[in-house]
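In this text, residue positions in the sequence shown follow the working numbering: the first is 1336, and each later residue adds one.
Beta carbons are placed, not taken as given, at the ideal position from N, Cα and C, and that holds for glycine.
As structure tokens, the structure follows; a few thoughts come after it.
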Amino acid sequence: MDKPNIAEMIIQYEKDKDMNDTQFAFESHLSVERVHNLKSGDYEATKDEEKTILEYIKLHQ
1336 MDKPNIAEMI IQYEKDKDMN DTQFAFESHL SVERVHNLKS GDYEATKDEE KTILEYIKLH
1396 Q
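Structure (structure tokens):
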């Protein structure tokens, strides 16, 4: 199974929920800068960040 693309997951989640990066960052307890960097591909999520994002999205879908 392919590793989930965190950037694509964040983008799709924000689109589905009509949410911006600031809202996503606040609710998922990440910094806005990290969210921007993850979405741009300039930054690779740590295992903890990946876990946090996946759990947040799963819990709030």
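Measuring only the C-alpha atoms, how far is residue i from residue j?
i, j, result
"D1377", "A1342", "10 Å"
"H1364", "I1388", "9 Å"
"N1355", "N1340", "18 Å"
"D1383", "D1351", "24 Å"
"I1345", "V1370", "8 Å"
"E1362", "Y1391", "8 Å"
"T1381", "D1353", "26 Å"
"Y1348", "E1379", "18 Å"
"Q1396", "E1385", "17 Å"
Are there 16 or more other CB atoms within 10 angstroms of the CB of residue i, so buried, or fewer, so exposed?
i, result
"L1373", "buried"
"F1359", "buried"
Among the residues of its own chain, which have a CB less than 8 Å from the CB of residue i, if the five just before and after it don't count?
i, result
"T1357", "V1367"
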